[in-house]
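Read the structure below first, then the notes.
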Amino acid sequence: MKVRTVAASIVLTLLIVSSAWTEPTTKPSKPDARTLAAYDRIKATAGQWEGKSSKGWTEILEIEVIAGGSCVMEKSRFAHSDEPNSGMATMYHLDGPDLLLTHYCMAKNQPRLKATEISDDGKSITFTFLDGTNMASRDVGHMDKVRINFEDDNHFKSQWTFYADGKEKWMEAIMYERMVKPATR
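Numbering-wise (the working numbering), the sequence shown opens with residue -15 and increments by one.
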């Protein structure tokens, strides 16, 4: 009798352990039409832009679609800075049903934000904090919220909110205008 009990216990344990190692039977869901349209709108910004901040500085923004269309890379550099490494980068991509961005910040951290609001007309996307790296907690200063408003094919505005110590510390708006490519010879 004891041999049967021990054998049954071993079989039951093996079944439980092996079921924990099986692959999930469902794949992540795909993004809905509104999320796909928002990502396509971001991809359409590929090119070079001049940005003017509400805090008085200007920047050059270069946006490129990379990795077979699976990522949009946005690189910024301050227009009048001679400081090495003064630029930042933001990467946009889909993850299952979600549109995410990772911002590589001058604060030396990398907050990830998720699109939480997309307007019906696709002209406005709001991203809010999801998590981040090089941050001991959410209270470490970081970009916490971004709202992007597309005016037309050549103009958009972004509003970045900085968060630290349990509250929003400041917000700045940046107005972007697409730069005309120089004529080629």
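Just so it is clear, CB atoms sit at the ideal spot from N, CA and C, and this is done for glycine as well.
How long is the line joining the alpha carbons of residue i and residue j, rounded to whole angstroms?
{"i": "T100", "j": "R18", "result": "12 Å"}
{"i": "G35", "j": "H139", "result": "10 Å"}
{"i": "W154", "j": "F134", "result": "22 Å"}
{"i": "S3", "j": "P81", "result": "Low confidence applies to S3: its pLDDT is 49, below 50, so where it sits in the model is not reliable, and the reading given next is rough at best. Taking the straight line joining both Cα atoms gives about 26 Å."}
{"i": "G150", "j": "D123", "result": "5 Å"}
{"i": "I47", "j": "K141", "result": "14 Å"}
{"i": "D137", "j": "N93", "result": "31 Å"}
{"i": "S70", "j": "P15", "result": "34 Å"}
Opposite residue i in the DSSP bridges: which residues?
{"i": "K59", "result": "E46, A73"}
{"i": "K151", "result": "A148"}
Assign residue i to buried or exposed, taking buried as 16 or more other Cβ atoms, counted over all protein chains shown, within 10 Å of its Cβ.
{"i": "M127", "result": "buried"}
{"i": "V164", "result": "exposed"}
{"i": "G116", "result": "buried"}
{"i": "A22", "result": "buried"}
{"i": "P95", "result": "buried"}
With a threshold of 8 Å on Cβ separation, who are the neighbours of residue i within its own chain once the five nearest residues in sequence on each side are excluded?
{"i": "S103", "result": "I109"}
{"i": "F28", "result": "Note that residue 28 is Ala in the sequence shown, not Phe. Closer than 8 Å at the Cβ level, and outside the excluded window around A28, lie D137."}
So, at 6 Å on beta carbons, what are the nonlocal neighbours of residue i in its own chain, with the 5 sequence-adjacent residues on each side left out?
{"i": "E152", "result": "T145"}
Closer than 7 Å: is that where the CB of residue i sits relative to any heavy atom of the ligand FAD?
{"i": "D79", "result": "Of ligands this structure carries none, so the ligand FAD is not represented either."}
My parser needs the alpha helix (DSSP H) runs of 4 or more residues fully inside the stretch 102 to 134; what are they?
none
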